[in-house]
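Novice: Protein chains in written order, with our numbering: chain A, 1 to 427; chain B, 1001 to 1186.
Structure incoming, see below.
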Amino acid sequence: MRKKSYDRSDKELDDILRKIADSAEIPFSEEDWGDMQARLDQISAPSPSWLGSKGLGWAGAILLSSMISLSIWNSHQEKQDTDQNLNAYETQNNLSSLNSGDSEWSEETQALDHSGQKDVRQAIPDAGNKSSGSSLKHSQTNTQIQNSAGTVEAVHASKKGQISTAGRTSSLPIISGFKNPENTPLIWEINQTPLVDLGASPLQKNASQSSEIEETNKNQEEVKEKRDKQFAGKFNVSLQAAPDLSGIKLNQVGKAGRAIGIGAEYFLRPKISIASGVFYSFKPYSANDGYQLSYGDQPDRVIGECDILDIPLNLRFYPIEGKLQRFFASAGLSTYLMLKEHYKLEYRNTQTGYPYSHELDFSGANNHFFGVVNFSVGYERKLGNKLSVQVEPYFKVPITGVGEGDISLKSTGLFVGLKFYPNLPKR
Amino acid sequence: MKSEILDRKIWQGLVDKNRKDQEVLYRLYYSYGMSVCLRYTSNREGAKEILHDGFMVLFAEPKKYNPDQPFKPWFRKVLVNLCINYYKKHQKQVHETGFEFIPESEDAQPSALDGMQYDELVRLIQRLPTAYRTVFNLYILDGYTHEEIAGMLETSVGTSKSNLSRAREKLRELLNPRSHEKEILR
């Protein structure tokens, strides 16, 4: 006789139930496998295998280091130019002092006017400068001085008795052959005498020399003034953070997220720069629709949380720039690497009306290369020579669906950042 | 048991993301996985989603499973963990909405215990309140201890024992024809 269920002990009941549970044979459902395949397709589709999130991370790093290298290289080049200019100027000063102050040299030169050639090195006390090919021919003296560091050549040309005041030769040497690529005047300190070429007629040259000196001084002041007015250098790095509001529709923005990261900016032109960086963003959002599932029922509501690595590439234009502050407008594209995605999909059972939810988690499953358009405007103010603060309201709108649900995830926020200008040349 | 160890070739296929091998595995363990998930959920749709989440754990990162170990216990553990997550969210929903949905049995009366089929058992279990059902599943059918259950569900050992006791009581009621009749007459 069979025992009734209520007559059995707990152990007997448990054993029977366990046995029934283990004997389950649930018929296979092709439809369920179809759903599973759809899910697998979604996971395997997103990014080319050769360029995963790691690959793009490397690409970002390479881009940043290229920008830094370019800036350092430019800085080095310009520093070299400056050094050359300074060397050249120092050489000039030496020559000038020799020319104007050393009567012995002057006399010697004059005395040798008709006596053929003589090595001028003997007459130049600066042993550090190597003189070569110096010659005195008839009434003209040509001195070439090579500076070992900057290969500065100075050609000194003077004519006997051309410019002579109180027994002192006042002819000024001309510097040629040193690099001055932009044809900009050399940097002279105030009260220093610039170098001018003396032509054939000494008296005429005196007048033209004065005007050239004035012009050069004027140019020099203009350059100085222009530089003083410039905001900062060609390159900067920044640390930025922002509260971030994301949503599928702008009226469905809920909980605030955040974004933080480092940026780098390089000026292609005085008012145009290219900016990039790597920013970690946490974007929570919720929406009543907009989440697309390729399988199964569409959810009534979706609550999402995404951890994203945002790699922007923007072009910035600075229309208004003062000595202490400036404004910019920026546009460009962002690459989104979806580090983590968490979705809670809420459904309502159509038969019972009972709500149920389903959660989905994905890690590194979706990458969107240049799939988001960035717009921003910004204000930057100097805090010091190398430091400035910047505020930048931004708006990001995707041109492709973002994440597992292909959602149109728009974001807005306000970046606040500190910008650091390394010891690099001005624009 | 040797038969429970996953075929190396299939596992390698999973590592290589071979769709054919994924299908073979899915077909092999669909029934087993579904039988676990159905016990914890109130409906088939929910069970299917949990099952697919479980397969995705393996398909996405096959190396999470050690192919030298038996597959079924590992897979069962994955599914049970996912079911617990499902339970926790369900509980949160119960707290928020203030009511719990317990499906009505479509059958007039469950078969006698000795001749009971799995689907009848599932319908019976699904009629238990969620907290009772979860502890019943974990303790009796999946072999966890009360300490483990308390840790998993973030409750006390006492609550776990009490819920199990009430689950048994409720099951006996449901299996008792007289109490079933009384329930219908209410």
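Think of the CB as a built atom: it goes at the ideal place given N, C-alpha and C, for glycine as much as any other residue.
(1) So, for B/D1053: in the same chain, excluding its five sequence neighbours on each side, which residues have a beta-carbon less than 7 angstroms away from its beta-carbon?
(2) Which of the three DSSP states is assigned to B/D1142 in this structure?
(3) Report all residues from its chain with a CB closer than 6 angstroms to the CB of A/R8; omit the five preceding and five following residues, and keep chain order.
(4) Are the C-beta of B/M1152 and some C-beta of chain A separated by less than 9 angstroms?
(5) Need the endpoints of the beta strand (DSSP E) that A/D310 sits in, please.
(6) Just to confirm the assignment, what range does the beta strand (DSSP E) spanning A/N236 have?
(7) Give me, in chain order, the residues of the same chain whose beta-carbon lies closer than 6 angstroms to that of A/E380; leave out the 5 immediate sequence neighbours on both sides.
(8) How is the alpha helix (DSSP H) around B/L1022 delimited, first residue to last?
(9) Can you name the residues of chain B whose CB is closer than 9 angstroms to the CB of A/H342?
(10) Would you mind working out which of B/S1031, B/N1066, B/V1080 and B/L1038 sits nearest B/D1007, comparing C-alpha positions?
(11) Pick out whichever of A/Y421, A/Y394, A/W33 and A/G405 has its Cα sitting closest to the Cα of A/F415.
(12) Is A/G247 near A/L409, with beta carbons less than 9 angstroms apart?
(13) For the candidate residues B/A1131, B/Y1086, B/K1017 and B/Q1126, whose alpha-carbon lies nearest to that of B/L1058?
(14) Run through chain B and tell me which residues come within less than 8 angstroms of A/D14, C-beta to C-beta.
(15) Got a sec: is the Cβ-Cβ distance from A/D10 to anything in chain B below 9 angstroms?
(16) Report yes or no: do the segment 334 to 343 of chain A and the segment 317 to 326 of chain A share at least 3 C-beta pairs separated by less than 8 angstroms?
(17) Please list, in chain order, the chain A residues whose beta carbon lies closer than 9 angstroms to that of B/E1023.
(18) Check for me: the alpha helix (DSSP H) holding A/V253 runs from which residue to which?
(19) Is B/Q1022 buried or exposed, if buried means 16 or more other CB atoms sit within 10 Å of its CB?
(20) Taking the alpha helix (DSSP H) that B/Y1118 falls in, what are its first and last residues?
(21) Check the Cβ of B/K1009 against every Cβ in chain A and list those closer than 7 angstroms, keeping chain order.
(22) Taking 9 angstroms as the threshold (C-beta atoms), are A/A241 and A/G428 in contact?
(23) Please list, in chain order, the chain D residues whose beta carbon lies closer than 8 angstroms to that of A/I43.
(24) Have a look at B/M1116, B/Q1069, B/A1131 and B/K1170 and flag the residue whose alpha-carbon is nearest the alpha-carbon of B/E1004.
(25) At the 9 angstroms Cβ level, is B/Q1117 part of the contact set with chain A, yes or no?
(26) With a cut-off of 9 angstroms, does the C-beta of A/R301 fall near any C-beta of chain B?
(27) DSSP three-state label for B/F1075, please.
(28) Taking only beta-carbon atoms, is B/A1108 less than 9 angstroms away from chain A?
(29) Figure out for me which residue from A/G254, A/N217, A/A365 and A/I260 has the closest Cα to the Cα of A/S238.
(30) B/G1046 touches chain A at which residues, Cβ-Cβ below 8 angstroms?
(31) Hey, how far is the Cα of A/V377 from the Cα of A/A329?
(32) Determine the closest residue to A/L324 out of A/S357, A/E392 and A/K386, with distance taken between C-alpha atoms.
(33) Which residue comes first and which comes last in the beta strand (DSSP E) that contains B/Q1069?
(34) Would you say A/S23 faces chain B, with C-beta separation under 9 angstroms as the test?
(35) To the nearest angstrom, report how far apart A/Q42 and A/I16 are at their CA atoms.
(36) Taking Cβ-Cβ distances shorter than 9 angstroms, what residues in chain A pair up with B/L1079?
Specialist: In terms of the structure at hand:
(1) Within the same chain, and ignoring the five residues on either side of B/D1053 in sequence, the residues whose Cβ sits closer than 7 angstroms to its Cβ are L1082.
(2) In the structure shown, B/D1142 sits in coil (DSSP, three-state: anything other than H, G, I, E or B).
(3) Counting only residues of its own chain and dropping the five nearest sequence neighbours on each side, A/R8 has no CB closer than 6 angstroms to any other CB.
(4) Chain A contact via Cβ: absent.
(5) Element bounds for A/D310: R301 to E321.
(6) A/N236 -> beta strand (DSSP E) spans F235 to G247.
(7) Excluding positions up to five away in sequence, the list reads R326, S388 and Q390.
(8) The amino acid occupying residue 1022 of chain B in the given sequence is Gln; Leu does not appear at that position. Unbroken alpha helix (DSSP H) run through B/Q1022: R1019 to Y1040.
(9) Simply none; closest approach about 12 angstroms.
(10) Shortest Cα-Cα distance from B/D1007 to any of B/S1031, B/N1066, B/V1080 and B/L1038 involves B/N1066.
(11) The option with the nearest alpha carbon to A/F415 is A/Y394.
(12) With a cutoff of 9 angstroms on beta-carbon distance, A/G247 and A/L409 are scored as near each other.
(13) In this structure, B/K1017 is the residue among B/A1131, B/Y1086, B/K1017 and B/Q1126 with its C-alpha nearest to the C-alpha of B/L1058.
(14) Going along chain B in sequence order, the residues near A/D14 (Cβ under 8 angstroms) are I1140.
(15) Any Cβ of chain B closer than 9 angstroms to the Cβ of A/D10 would place that residue at the interface, and such an atom is present.
(16) Verdict: no, contact absent.
(17) For B/E1023, the residues of chain A that pass the 9 angstroms Cβ criterion are W33, M36 and Q37, in the order they occur in the chain.
(18) Where A/V253 is concerned, there is no enclosing alpha helix (DSSP H), because DSSP gives it neither an H nor an E.
(19) Buried, since its Cβ has 16 or more Cβ neighbours within 10 Å.
(20) B/Y1118 -> alpha helix (DSSP H) spans Y1118 to Q1126.
(21) By Cβ distance, chain A contributes nothing, its closest Cβ being about 19 angstroms from B/K1009, past 7 angstroms.
(22) This structure cannot settle anything about residue 428 of chain A, because the visible part of chain A is limited to 1 through 427.
(23) Among the protein chains of the structure shown, namely A and B, there is no chain D.
(24) Nearest C-alpha to B/E1004 among B/M1116, B/Q1069, B/A1131 and B/K1170: B/Q1069.
(25) The beta carbon of B/Q1117 sits closer than 9 angstroms to some beta carbon of chain A.
(26) Using a CB distance cut-off of 9 angstroms, A/R301 does not count as an interface residue toward chain B.
(27) Looking at B/F1075 - three-state DSSP - the assignment turns out to be helix.
(28) Residue confidence for B/A1108 is low, a pLDDT of 48 falling below 50, so the modelled location carries little weight and cannot support an answer.
(29) With distances taken between CA atoms, A/S238 lies nearest to A/I260 out of A/G254, A/N217, A/A365 and A/I260.
(30) What B/G1046 touches in chain A: Y356 and H358.
(31) If I take the Cα positions, the gap works out to 4 angstroms.
(32) That would be A/K386, whose Cα lies nearest to the Cα of A/L324.
(33) Segment: none, B/Q1069 is in no beta strand (DSSP E) and carries neither H nor E.
(34) By this cut-off, A/S23 is an interface position.
(35) Here the alpha carbon of A/Q42 sits roughly 42 angstroms from the alpha carbon of A/I16.
(36) Chain A residues near B/L1079: none, gap ~13 angstroms exceeds 9 angstroms.
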